[in-house]
Amino acid sequence: MPIYKMAWRNIWRNKRRTGLSIAVVGFCIGILILFIAIINGLQEQIIKSSVNTFTSYIQVHRKGFDKEKSLAGFIEKTDDMQKQIGKLPSVEGVTARILSSALISYENYSSGCLVVGIEPSNEKKVTFFYRGIKEGHFLEDQDEDTILITKTIAQRISAKLNSEITIMVQGYNGSLEARNLKIKGILDLGNPELNQNLVIVTRKTAGELTGYKSQKISELAIRLKGNKGLQKTTNEIKNILKKHKSFYGELVSEKDNDLFVEEDIEDNFIKTEKGIEFEKEFEVLSWQDLLKAIVQFIQFENSVVHFILMIVYVAVILILFNVFIMSIMERKKEFGIMKAVGTKSSQLIFMVCIESFAIVIIGIIVGSAIGITASLTLYFFPLEIASAVDIFNQGMLRPQVLAILNMKSLLLPIAGALITGLIAPLLACREITKLNPAEAMHSS
Amino acid sequence: MSTPSSLPQLSKKLTLRQFQELPTDLKIDYVCSGVELEHNFIDKYKIIVMLGRPRTCMVGVLAYALGYSYVGNVYAPIILFGALLSFLWSFSANLHNTYTDFKEDAYNLPGRLYLVARLGYRNLYRSLIVCNILKIIIAAFMNLPCLIFAVLVQPLVHQYSFPPLRLKGRPIIGVWVFSLAVVSPFVLGVLSQQTSDPLFSTESIAMMLFLTVWFMAKGFFKNVPDYYGDKAANLTTSATIFSSWKSASIFTLACTVVAYLALIPIAIFNLVPLKVLISLIWLIPVVINCLKLIEVNDGAKGNYCLKIDMLISVGFIITLLLLTKFNILNIVVTVFSLFILFGSDWFGIDSRRNQDTSGGSNLGDEMIIAKIAWRNLWRNRRRTLITLCVMSFSVAFMIYMVSLATGYHKGIIANSVKAGTSHIQIHKETFHSVLKSDLFLEWNSKMEEKMRSYNEVKAYSLRIKSLGLASYTNKAQNITLWGVNPKTEPTISVFHNEVKNKGPLVEGSYLKETDYLEGYLDNNPHVFHLPGVLIGKKMAEHFDIRIGSSMVVTLQSAGGEIKQNLFQVRGIFQTLIPTYDARTVIIHHKMAQKMLSYSSSQFSEVAIVVNDYSDMKPLAEKLKSDFSSSFEILTWDQIHPNLVDFIRVDNVFIVFFVVTLFVVTSIGIVITLLMSVFERVHEFGVMLAIGMKESNLKSLILAESLWLSIVSCICGSILISPVLYMGQTQGIDVSYMLEGASLWAISLDPTIYTEFSLFATLGCFALVICVTLIVSLYPAKKATKMEIVQAMNFV
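Protein chains in written order, with the working numbering: chain Z, 1 to 444; chain H, 445 to 1239.
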């Protein structure tokens, strides 16, 4: 009889024990798949919520802008750039923004804030914060003297819809600009940080306030069609930017148009003319660079998950150790006879290993079936949760307990189980090699 | 009663069998003659425990937990005392009963009488007195109302069985006193509240009345099985006033149903939450059991019904408890009660055992079984060791996780409090959410006096908070400005600390008393002194500003005018919350008052740190009643609901993990025990054949698993203790997470310390032992379901 057949029959000799062993492996795999899928789901939502609410997938700005957020770091003549990026197959939308700190006041109250100038129709293609309008309407492209403020700021300055507020910005050349704007809408962005800071105007208004006019902007925000190929698209955008130049601050701001240089003389130009920079002076940041805190959170969470996985499997390995030793001890006499009639130790070990793998594989099948069913159920019928936890409040997407199956959630538990299958019969194998046929045959 | 001297055979030591062969009168004489068969100290205590019947005492402990659920959230030592006292109430009542009723026991429970003989009749009396004194001492440790109540209840407990009143001999009042077994622990639970709310609410009184009615019905039930005995003895009980067993038990059925259903009107009047009605599902087994009682018409079978009824009652009160308040305390109480309830047979700590009613067993059995079980375990050393490994590993891990969670969560709170939130903040109404500068509070000497009068307050400081704009060169940042008093502020927050470059103050120094002055100080015309400011690291990076540079802060005063002032950077602090570091600016409170046009007694916030976290809520309540309603008094959890929620989510996570590990481990235990059972089928067959009882075989297997769990608890604790020690002294550094740390609710100190909690660890042990015992019921059942002949032939 071939060894594998013998092994298969062996494992069904003690149905109860085999059943329980399979139950252990299956339970672990099932619950871990579900667990990792839920963690995946949470992470995915946290990222989605943040990316879709304001951050966007990729941002392009002047090098250092992300850290300094100063008006001196602008990029210029971006229409062409915007068009080219928009043509990339993986890009869904591109929009330009102007960012600046400002002071808004209404009657007796004032509050510091971050004013963002947007292109309303393009912005809708990139982020979804227009859905956060609680009162009033979103901006239109041609709007000039209107502003959207968040509910927190509205409460702070006691302003209501259609109130006329004053906004004060220190322009990039140092002059203080002030303007009266009418509140067109009140936003709730779901993220306390944004809610405390953000006011939105059109790019035109912001350009006038900051002195950027229509040529300069602070950043380009880009939406991709999916999270796949984030790195590839980032590289493609970098390639497009190679052909563009950007100008640093006031140094060359007066010279403006004269300095659009041909590609072939770029290199010479860097050395000769101060103030012209090329591709390396842009920063193209994906959400992974922009949302460092969330990425670090997720990394740590993943290491916790791995740790848990390890602990659970250590327990399973110990249990299976026991199972195999017991199954060997039970068959000591049998093994003695087999050895006496000439079966090699290696064949016996092979047989035990097959038994172990058979159990683990059945466990994997049962467990995966349970895990996948549970995860799919939670994918199609996610549970709503209301929570004030910081990490859940990244944007307008309300957190749900949602399970998302991916390769990671399937492979990690299964790989753990396979390793278990490898290690579990080790002790038993040692026992087989030590077996003395004469003694074993006489044991009862 | 004859004297012992006339009965020569009574002077010697009798075995249980010899004792049982004595006529009943002689039994009584024998016990009264002052014999003391047992000389082993530990066994004597065990007998006292057996006579106290811990199983029946758990209803009281559960009732105590129920009472406490109505008033408290705080886990204080008082709960432990209260539970102990509730336990002792029933315990001593049982001892009283044994002492006074041993003549009746001579007929019904000779085994119990033998226990008294072993212990010594006088020792029983001594233990009674000790028990009673102990109760008063424990009550004295609780609080005054509890002490008074305990003293009031004491005579009732005493007179329930003792003459002259011997209340149990009176049908109605006896049953009422009997109901005190649950009602008084309940009242005690209510009395041991930690806050200063009124003691009894309508809800708790309604529940108290319900418990009275409910347990009185139990009292009627209890008397029915003794119907014929009492009738013969011409005793008047609630049962014997009826003409027949049948009518007495029908009356009992009616009372019981009415008692349970009394919960419905209480729920309708909204005195208990509606979901509590779910517990009425127990009514089904209750009615079935009552119908059975009507049918049996026999004392012994009636006693069996009584036992079932007791189990149902415990089930009902547990359901009631968990539905009333589902918290860790109640779960622990439930698990513990179930453990005692089912465990008392296994440990042999109940004196109403089947063996005792029929005779034939003795105390040594359990010891022998435990010994055999222990030796059995080590027959297959390797298997036992591996199983122990799995279990110790899980135990170690559970303890670690629980300690880590305790330390982590405490750290979250402590850090957030130290980072300036403090435990309680007082502002003008709505200030917290809008931070408007015209919402200030007027601080006067009367308020100061009041603040000093609270014992709970460890320290407090007055602050000014406002929104503004900070600018440096051409950069600007909207900020939250804190005007603090450099003298009192260090008592409640830690920005003056500089710990090994870890912060919070990473550069420069804290504000000084003089940091509000501006101009040429001490007539020194060379140095123009500017008011000082502390800023966060993020802002310093953003502004690219250094210590000693000056920056402008713009504010809007209470009158609405925009005011600007130049400040010099004195220090830079760093926390783990990016937004905080980017936004918070700390200046001297006098400067802030000047800029906001406040007078020197106007502030925006009183920040209070209390001595102990558990003082926070009570103090907030006091403040609410003492201060005018135009103030908002916010406690830490109201200021940071996100952190409270985080802790909750984290707990779910930990429970999930522990449960997973536990299911895995328990399947492992089942496998091991099953295998060991099937290995010994032949042996068990022989044992059964030579007359071992099935129940003993069952106990043997349960004892094996009990040993396993006890040893693994010990091993696990030993294994994890060095790790715990490290975690407690050195902590786990997570500073590499940088910004991510704030999302893990870590705000100040990036080191997570574990904290050993005895309460939680004991809970873990209880869980391990219970789960092990429960899962080993399956192999135990397998072992006892064998055909003896087949088993013996099994090789």
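Glycine residues also receive a C-beta, built at the ideal position from the N, C-alpha and C atoms.
Would you mind stating whether residue i and residue j have Cβ atoms separated by less than 8 Å?
i: H:D959; j: H:P930; result: yes
i: H:N541; j: H:S645; result: no
i: H:P729; j: H:I756; result: yes
i: H:S976; j: H:L999; result: The sequence given here places Gly at residue 976 of chain H; Ser does not occur at that position. No; because the gap between Cβ atoms is not below 8 Å, this pair is not in contact.
i: H:L911; j: H:L883; result: no
i: H:A1189; j: H:I856; result: yes
i: H:S590; j: H:S536; result: Correcting the residue type first, residue 590 of chain H is Cys in the shown sequence and not Ser. It is not a contact, given that the beta carbons lie outside the stated cut-off.
i: Z:A221; j: Z:V126; result: yes
i: Z:K134; j: Z:D80; result: no
i: H:L750; j: H:P669; result: yes
i: Z:V295; j: Z:I58; result: no
i: Z:I38; j: Z:A358; result: no
i: H:F763; j: H:S723; result: The identity of residue 763 of chain H in the sequence shown is Thr, whereas the question assumes Phe. A contact, by the Cβ cut-off of 8 Å.
Does any residue of chain Z have a CB that is nearer than 8 Å to the CB of residue i?
i: H:I728; result: no
i: H:D753; result: no
i: H:N1237; result: no
i: H:V475; result: no
i: H:F1011; result: no
i: H:L705; result: no
i: H:D800; result: Interpretation of H:D800 is limited by its pLDDT of 43, a score under 50 that renders its predicted location unreliable; the figure taken from the coordinates is listed afterwards. No, because no Cβ of chain Z sits closer than 8 Å to the Cβ of H:D800.
i: H:K666; result: no
i: H:F875; result: no
i: H:L451; result: Residue placement at H:L451 is poorly supported in this model, since its pLDDT is 49, which falls under 50; the coordinates still yield a value, given next. It does not; no Cβ of chain Z falls within 8 Å.
i: H:M1119; result: yes
i: H:T831; result: yes
i: H:S687; result: no
i: H:N899; result: no
Within 8 Å of any Cβ in chain H, is that where the Cβ of residue i sits?
i: Z:C429; result: no
i: Z:S346; result: no
i: Z:T18; result: no
i: Z:F324; result: no
i: Z:F292; result: The question names Phe, but residue 292 of chain Z is Lys in the sequence shown. Chain H contact via Cβ: present.
i: Z:S409; result: no
i: Z:K15; result: no
i: Z:I270; result: Unreliable placement is indicated for Z:I270, whose pLDDT of 39 sits below 50; the coordinate value is still reported in the next sentence. Answer no: the Cβ-Cβ gap between Z:I270 and chain H never drops below 8 Å.
i: Z:G174; result: yes
i: Z:V314; result: yes
i: Z:R131; result: no
i: Z:S21; result: yes
Name the residue from the options whose alpha carbon lies nearest to the alpha carbon of residue i.
i: Z:G367; options: Z:A417, Z:L378, Z:Q400; result: Z:A417
i: H:Y1180; options: Z:F392, Z:K434, Z:A358, Z:F297; result: Z:F297
i: H:F593; options: H:A1210, H:S937, H:W533, H:S648; result: H:W533
i: Z:G19; options: Z:E355, Z:I372, Z:L410, Z:M6; result: Z:E355
i: H:E1123; options: Z:K204, Z:L422, Z:G371, Z:I328; result: Z:I328
i: H:F1011; options: H:D742, H:M754, H:Y551, H:Y916; result: H:Y916
i: Z:K451; options: Z:G117, Z:I165, Z:K434, Z:V341; result: Summary: the structure shown does not reach residue 451 of chain Z, with chain Z confined to residues 1 through 444, and so no result is reported for it.
3-residue-minimum beta strand (DSSP E) runs that sit fully inside the segment 154-190 of chain Z, ordered along the chain: 164-170, 176-187
Where the segment 1174-1194 of chain H meets chain Z: residues whose CB sits under 9 Å from a CB there: V1178, Y1180, M1181, L1182, E1183, G1184, A1185, S1186, L1187, W1188, A1189
Runs of alpha helix (DSSP H) wholly within the segment 1073-1100 of chain H (minimum 4 residues, chain order): 1080-1083
Interface residues of the segment 88-117 of chain Z facing chain H [CB-CB below 7 Å]: S101, L103, N108, Y109, S110, S111, G112, C113
Under 8 Å (Cβ pairs) to chain H, residues found in the segment 372-392 of chain Z: S387, A388, V389, D390, I391
Proximal residues, the segment 59-74 of chain Z versus chain H, C-beta separation under 8 Å: K67, E68, K69, S70, L71, A72
Residues from the segment 176-198 of chain Z in contact with chain H, defined by Cβ distance under 9 Å: P192, E193, Q196, N197
Members of the segment 831-853 of chain H that neighbour chain Z once the beta carbon cut-off is set at 8 Å: T831, C833, V834, F837, S838, F841
Continuous alpha helix (DSSP H) assignments of at least 4 residues falling wholly in the segment 1166-1201 of chain H: 1184-1187
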